[in-house]
Structures are given as structure tokens and as C-alpha cells.
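S.K.:
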Amino acid sequence: MSRPRLLFFFNGLPEYEALFNIARRLLERGMVEPVCISPSEVLRREPRIKPMIAASGLTVTVRPSRWIKLFPKRWLRKGDAAITMVDPTMDNSPTRPRSLAMLALGLPTIFVQHGVMQGKLNLANDRRDIHYESRLLLTFEDLIIPEILSEETREKVRKVGFIKPLLFAPRPPKGAVPRHGRAILFCHSFRWAGRYGEEDVARFYDLVGQFARTHPDDLVIVRSHRGKSRALYKAHDKALSEQRNVVFSHAYKGPLRGMSITDVLDLADMCVSTASTAVLDSVYMGKPTAIYENDQPVFPNLPNIDGMESLEAFFASPEVADIAGVKAHYGEVDENIERACDAIENMLAALPARGVSLSGA
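In terms of my numbering, the sequence shown opens at residue 16 and continues consecutively.
#1: Using 8 Å as the threshold, is the C-beta distance between Pro188 and Leu247 below it?
#2: Which residues mark the beginning and the end of the beta strand (DSSP E) in which Met285 is found?
#3: Looking only at C-alpha atoms, which of Ser239, Phe155, His230 sits nearest to His344?
#4: Quick check on this structure: which residue in Leu181, Glu308, Gly269, Asn361 has the alpha carbon closest to the alpha carbon of Thr277?
#5: Quick one: using the 10 Å Cβ neighbour count with 16 as the cut-off for buried, is Tyr267 buried or exposed?
#6: Skipping 5 residues on each side, what residues in its chain have a beta carbon closer than 6 Å to that of Val50?
#7: Check the DSSP bridge columns for Thr304 and list the partner residues they point to.
#8: Between Ile145 and Met274, what straight-line distance do the alpha-carbon atoms span, to the nearest angstrom?
#9: Could you round the C-beta distance between Phe177 and Leu295 to whole angstroms and report it? I think they count as a contact, below 8 Å.
#10: Buried or exposed: Val335, going by 16 or more other Cβ atoms within 10 Å of its Cβ?
#11: In angstroms, rounded to a whole number, what distance separates the CA positions of Met323 and Thr168?
#12: So is Thr99 buried or exposed if we call it buried at 16+ other beta carbons inside 10 Å?
#13: Once DSSP output is grouped into helix, strand and coil, what is the label at Ala358?
#14: Give me, in chain order, the residues of the same chain whose beta-carbon lies closer than 6 Å to that of Arg60; leave out the 5 immediate sequence neighbours on both sides.
#15: Using the C-alpha atoms, what's the distance from Leu138 back to Leu164?
#16: May I have the straight-line CA-CA distance separating Pro112 from Phe86, to the nearest angstrom?
#17: Judging by CA-CA distance, which residue of Val131, Phe263, Pro103 is the nearest neighbour of Val235?
#18: Rounded to the nearest angstrom, what separates Gly224 and Met117 at their Cα positions?
#19: Ile52 and Phe24 look like a contact to me (Cβ under 8 Å); what is the Cβ gap, rounded to whole Å?
#20: If you follow the beta strand (DSSP E) that Leu412 is part of, which residue opens it and which one closes it?
#21: Pull up the DSSP beta-bridge partners for Ser53, would you.
#22: Quick one: using the 10 Å Cβ neighbour count with 16 as the cut-off for buried, is Arg194 buried or exposed?
#23: In chain order, what residues of the same chain lie with their CB nearer than 8 Å to the CB of Arg44, ignoring the 5 residues before and after it?
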């Protein structure tokens, strides 16, 4: 009897982080055939991916991104279902044509949560009664604000826990960093439209600058979401860079260029972040972690940093952060991946037998 084929499109490092070990475990469990496709550009940007694939036993079709984006239905017909990090009805990214093709073909999809705070899933300012076309939704935790999702969608949710493992052994910086005592990493996600404004950004950078000046012998690392530079905080980065003990984790420039969040966390003794997945990355690497101006109903176990007094208290006694409590809430990653595989296999087993044609040209 043929196994159901599940499509994995590894569009970039985020998809590898969230989905690769699910594909690997599904292959090992033998109930599902992972059909994996990846742009060649991703492997060039992150050379550690290629040996990881080779060691996994997975077969990954590697093609230039433009080839994968052309004629999406041709690629989609290679599978019986697809696993995604965005519901196909909500995709406004460059992969939108593929998502629209999924809908046109009636291809069943599985949605996987990839951000601890994710729009149209758990943000307080999300609209209510949102419908997901996906047949299955895998989440990190019970729905924080259930009414964000429609009643029909809620019935498709399965809590599996945090499923992002440490993919690679951390690598050292490509450039020199200042000699220092302790190192503290400040992460932010100021890309969120409607969640942060100019005053929020200025307050964050003022605090980091004051801390850097107060602790000239300690290293201050600043990282934006995925190390990207945006107009909202570019001028603040430039001003803060004048501090000799401050370095930035940028994707394409500086001594920490090309480093992932886990690479950078390996350099740090502790982390302060806005409420985002960087918090879980830090916690699961065993780093004392605090939340900067926590504006979401998550991470009650961790200190809230709302000024110099609370920041200095955390820096002096980072052990106050109950990272064990956070891990207990979100679970052990390996066990969570097994739960995700159970839910995926059960969903795929209920699909019509192969040979029932998909609609569309």
C-alpha cells in the first residue's frame, strides 16, 4: 500500500528550523513519504544545511528559486498534501502563487505555528472569528485567545508544543568582537506593524544605550528579527553603534554577519527580548532570559524589563528567570515533534486514496 506524500517547501532557514526534523522523523517512522523541495539559494546562504540533509536520509529536490515558483501546480501534484507555515488563504509573501494554486487544486494543507506570537493566531489586536482552510493546525500551546479563530478552525487545532530544535552546532563570528566581561543580547521584533511605533523603538534604544554606557566592560549585542535592517530603527542602530562595547547582529554586515539567532545566543550570557520566538530560542539554549516590556499574555515565568532598575536587577541576578518553568510549559522538543508526527499521520490516513484526481489545470 502506497504511503501518503507530504510536500515540504523549504523556502528559507525558517522552514528548515520549523519543519526539517518533522520531515526526518516522518521518514523514519515509515507511515508518510516526505517530498522535500528547496531553493538552491538557501543552501548557498547557509552551508550547514547540505551536510544536514545528507545525514538525514531525506531526498531533497534542489532547484533555483525561480524554477520552483514557476508552474506551482506542477510541483504541488507531487504530493497528496502540503505542510506550511502560513494558511494558504493568508499568504501575502512571494509564495502566494503557490498558496493560491493549493486552493485551486483543493490540496489539503497542514499549518504549523512557527512564531510564539503570530498574527491571525494569538495577537491581542487580531480580528476575531478567523477561518483557516488548513485541515490541521499544530500549535505551541493552547490557544491564548480562542475567539480569534472560528469555531470550525478551533476544532482542527492540536497543541504539540515548541518544535524548533537546535539544527546546527553554533559557529564563531566571522569578525572580531570587543574584549569583554559578560555579554548580554538584546533582541527585538520591531517589524510588527500596529504593535510597535516610533516611541516604542526610541525607548528600547535609549535603554540599551544607557545600559551600554553604564557597563563599558561588558558586551552588548543587538539583534533585530532575522538580523534585518529596517527604516523604523536604522537611525537608532547608527547612533548606538558609536558605543565601543556595542555590536550588531546583522544578516549581511559586521562581525556577526550571517549568524543565526542560536549562533549569537552562544556568545551571550543572558538575553533580553521583546515577546517573540527569540525568547524560546534563548530558553532552550539554557540562557537566562527576560522580556522587554511584555505586552502579550505569555512568559509569566520570566522577568519583565521596563527600565534601568529592572534591567540592572536581572543583569545582577539572571538566575531569577524561571527558564525551567518556560520549558515545562512548551515541552521537550523531541517529544513535541513526535506528537506533531502523530497528528500528521492521523490526518493523512483519513485522506481519500491516491488516484482521486485534484481539480484544476
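Beta carbons: idealized from backbone N, C-alpha and C, even for Gly.
M.R.: The structure says:
#1: no
#2: 285-288
#3: Phe155
#4: Leu181
#5: exposed
#6: Arg20, Leu22, Lys93, Gly94
#7: Cys286
#8: 36 Å
#9: 6 Å
#10: exposed
#11: 43 Å
#12: buried
#13: helix
#14: none
#15: 11 Å
#16: 9 Å
#17: Phe263
#18: 47 Å
#19: 5 Å
#20: One cannot answer for residue 412 here, as it falls past the ends of the chain, which runs 16 to 376.
#21: Val77
#22: exposed
#23: Cys356, Glu360
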